[in-house]
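Written out below as structure tokens is the structure these notes cover.
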Amino acid sequence: MQILFPNESPEYSGRELTLAFPALVDGQRVECMITAEALEDHFGAASTRLEDMVGAFDTHRERIQAATRRLLSETSAQCVVLRSGYVRFYEANGRA
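For what it's worth, our numbering labels the leading residue of the sequence shown as 1, then goes sequentially.
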């Protein structure tokens, strides 16, 4: 399975408190999201404000994409929501 991440800015949802970002899985676009809680708990976002969440995402894009890549692989490329608990599990298990 080939997983690539286009260099696009994430889209903020204040209603859901998430950032959405695309992945290309074997050429098919898959929408992925990361929660504000995950960004605050693991990537240093100071709040759920757009600026704080996007800043944390941009600073830690590689780590977020690595966790997303693993979750996409585990779920057969279904729509993905990175939550704090998954990031904690992923990082505790050697980022394999």
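Each residue gets a CB set at the ideal place from its N, CA and C atoms; glycine is no exception.
Beta-carbon gap between residue i and residue j smaller than 7 Å
i      : j     : result
Ala56  : Gly44 : yes
Asp26  : Ser84 : no
Leu110 : Pro10 : Absent from the structure is residue 110, since the part of the chain shown begins at 1 and ends at 96.
Leu17  : Thr48 : yes
Alpha-carbon to alpha-carbon, residue j and residue i
i     : j     : result
Ile3  : Arg69 : 7 Å
Asp52 : Met1  : 32 Å
Val30 : Gln78 : 7 Å
Nearest candidate by alpha-carbon position, reference residue i, set the options
i     : options                       : result
Leu50 : Ser73, Gln65 and Arg15        : Arg15
Ile34 : Ile64, Ser76, Phe89 and Ser73 : Ile64
Ser76 : Ser13, Leu24 and Ala92        : Leu24
Pro22 : Ala92, Arg88, Leu82 and Phe89 : Leu82
Val80 : Val87, Leu71 and Arg88        : Leu71
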